[in-house]
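Visitor:
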Amino acid sequence: MRLDNAILNSQSDTAAPWWKSLPFGFRDVRVSRGTRPAGFRFSKFIVNIEASLNDIEIRSCGEAETEDLAMTKAIMELIERASLMRWHKELNHGIPGTSNGWAAHETLPQARTGAILELVERDAVLAQWYLSVPFLEITPSEWPQSILHWSRTELSQSEFPEMKLLISTEGLGPSITCLFLNAAGYGVSGHSTKVDLQESIESALAETCRAAHHALRRSFWNDSQALLRREEGVRVQPGAHTVYYAYHELFPTWMFGPATSWLEAEQFWNDRLDLLQSETSDFKFHQALGHPVVAGFATHERAFELAWGSIDIQKVLKQAEKRNFSVSMKERTLNTQPHIVS
Numbered sequence: 001m002r003l004d005n006a007i008l009n010s011q012s013d014t015a016a017p018w019w020k021s022l023p024f025g026f027r028d029v030r031v032s033r034g035t036r037p038a039g040f041r042f043s044k045f046i047v048n049i050e051a052s053l054n055d056i057e058i059r060s061c062g063e064a065e066t067e068d069l070a071m072t073k074a075i076m077e078l079i080e081r082a083s084l085m086r087w088h089k090e091l092n093h094g095i096p097g098t099s100n101g102w103a104a105h106e107t108l109p110q111a112r113t114g115a116i117l118e119l120v121e122r123d124a125v126l127a128q129w130y131l132s133v134p135f136l137e138i139t140p141s142e143w144p145q146s147i148l149h150w151s152r153t154e155l156s157q158s159e160f161p162e163m164k165l166l167i168s169t170e171g172l173g174p175s176i177t178c179l180f181l182n183a184a185g186y187g188v189s190g191h192s193t194k195v196d197l198q199e200s201i202e203s204a205l206a207e208t209c210r211a212a213h214h215a216l217r218r219s220f221w222n223d224s225q226a227l228l229r230r231e232e233g234v235r236v237q238p239g240a241h242t243v244y245y246a247y248h249e250l251f252p253t254w255m256f257g258p259a260t261s262w263l264e265a266e267q268f269w270n271d272r273l274d275l276l277q278s279e280t281s282d283f284k285f286h287q288a289l290g291h292p293v294v295a296g297f298a299t300h301e302r303a304f305e306l307a308w309g310s311i312d313i314q315k316v317l318k319q320a321e322k323r324n325f326s327v328s329m330k331e332r333t334l335n336t337q338p339h340i341v342s
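Counting along the sequence shown from 1, when you hit position 117 you're at 117 in our numbering, and nothing is skipped either side.
(1) Would you say the segment 295 to 313 touches the segment 203 to 217, given that touching needs at least three Cβ pairs under 8 angstroms?
(2) L227 to L148, Cα distance in whole Å?
(3) What does a CB cutoff of less than 6 angstroms around L289 pick up in its chain, not counting 5 residues either side in sequence?
(4) So which of E106, P338, S141 and D312 has the shortest CA-CA distance to H248?
(5) Is any heavy atom of the ligand PLP found at a distance shorter than 7 angstroms from the C-beta of Q110?
(6) How would you call T100, buried or exposed, if buried means at least 16 neighbouring beta carbons within 10 angstroms?
(7) Short of 8 angstroms in beta carbon distance, which residues of its chain neighbour S326, apart from the five on each side in sequence? Order them along the chain.
(8) Are G160 and A212 closer than 8 angstroms when you measure CB to CB?
(9) Apart from the five residues on each side of it in sequence, which residues of its chain come closer than 6 angstroms, Cβ to Cβ, to R112?
(10) Rounding to the nearest angstrom, what Cα-Cα distance links G34 and K73 in this structure?
(11) According to DSSP, which residues form a beta bridge with W143?
(12) State the Cα-Cα distance for the pair E264 and I56, rounded to the nearest angstrom.
(13) Residues in its own chain within less than 7 angstroms of G187 by CB, not counting five upstream and five downstream?
(14) Less than 7 angstroms between C-beta atoms, sequence neighbours within five positions excluded: which residues of the same chain meet that for R122?
(15) Tell me whether D13 is buried or exposed, calling it buried when 16 or more other Cβ atoms sit within 10 Å of its Cβ.
(16) Spatial neighbours of H291 within its chain, please: CB distance less than 8 angstroms, with the 5 preceding and 5 following residues excluded, ordered by chain position.
(17) Where does D13 fall in DSSP's three states?
(18) P37: buried (16+ other C-beta within 10 angstroms of its C-beta) or exposed?
(19) Between G62, G39 and L53, which lies nearest to V31 when the distance is taken from Cα to Cα?
(20) Take Q128 as the anchor and find which of A184, T177 and E162 has the nearest alpha-carbon.
(21) Using the C-alpha atoms, what's the distance from S60 back to D28?
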């Protein structure tokens with residue numbers, strides 16, 4: 001789908017809108033091109049979609065090297081979020097109202113794989129966070145040349161000029177965490193788990209650019225203050241977790257663990273994915289939509305539940321009892337600082 005046509009259709013009362021073919025009853029759909037400020041321009045094309053569904057605003061974003069792919073990603077994210085809303089609110093399945101483990105793709109195998117990787121991504125970061133176990137840090141001089149060049153020519157001119165690429169070790173599978181930091185140590189975060197390590201880094205990097213953009217606009221400020229006050233039972237917007245450490249606290253020093261070469265990082269990543277592949281039967285995929293694309297979510301009985309707000313200590317400890325970590329939770333004090341997963 002051409003983006004120009006999509007934008008025109010979203011502004012026209014007479015055009016046949018593309019979203020009418022989707023089984024959700026969207027209203028007031030708006031498609032627009034997105035941009036990032038200087039210093040955070042990583043994705044060549046950014047497409048934003050805003051839509052109203054049952055009087056609730058849904059926003060989705062697609063970023064890619066081509067316009068068509070960015071549009072496709074934005075539509076898939078829109079479908080994913082609409083499917084989640086319908087599953088949770090209309091069908092009354094009683095699942096937590098978060099996007100954890102959700103995915104939308106053209107085929108069932110793609111959707112299942114995408115959902116599992118989404119669940120693994122969040123679980124890996126949460127496990128690392130709650131245990132305060134240092135991440136592996138990929139040596140900057142060994143980053144792929146394209147990423148190294150971007151950090152030196154683009155990010156270095158920004159408000160958060162330092163980048164770190166960290167790999168989790170404690171989750172159901174691997175995850176890459178990207179941090180942008182300023183000289184004082186404040187910054188923003190993004191995460192990703194894909195089949196390929198470099199693809200994961202590029203995805204996490206784009207997500208971190210989005211978080212940095214929010215930080216510059218002081219987005220989620222009130223919600224971040226609720227996190228600072230550790231207000232129990234108060235739910236915040238997901239984005240507050242990505243910008244909290246740009247506003248209120250330094251990233252904790254325990255995060256930065258041993259340096260690892262690119263070859264070692266790739267080997268570790270592939271080994272963890274091979275192990276994950278052998279254990280995919282432990283995941284369940286719940287299909288929420290079958291046409292025109294497949295959407296659904298993955299669950300795992302030992303995965304940490306994602307919540308946005310203050311940490312429910314007893315719930316986290318109960319979930320941790322099911323896990324076999326490299327360091328026992330009993331040997332560590334649970335980290336109750338606001339986590340960094342959106």
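We treat Cβ as the ideally placed atom computed from N, Cα and C, and that holds for glycine.
Guide: Let's see:
(1) no
(2) 33 angstroms
(3) S83 and A295
(4) P338
(5) This structure does not include the ligand PLP; it has no bound ligands of any sort.
(6) Before going further, note that residue 100 is Asn rather than Thr in the sequence given. With 16 or more other Cβ atoms within 10 Å, it is buried.
(7) V133, T169 and E170
(8) Contrary to the premise, residue 160 reads as Phe rather than Gly in this sequence. Cβ distance < 8 angstroms, so F160 and A212 count as in contact.
(9) F285
(10) 13 angstroms
(11) W143 pairs with nothing; no bridge assigned.
(12) 46 angstroms
(13) F160, L179, F180, L181, Y245, A246 and F251
(14) N100, L306 and V341
(15) In this predicted model, D13 has a pLDDT of only 49, less than 50, meaning its place in the structure is not dependable; the value taken from the coordinates is given anyway. When all chains shown are included, D13 counts as exposed.
(16) P23
(17) Low per-residue confidence applies at D13: pLDDT is 49, beneath 50, and the placement is therefore not dependable enough to give any value.
(18) exposed
(19) G62
(20) T177
(21) 14 angstroms
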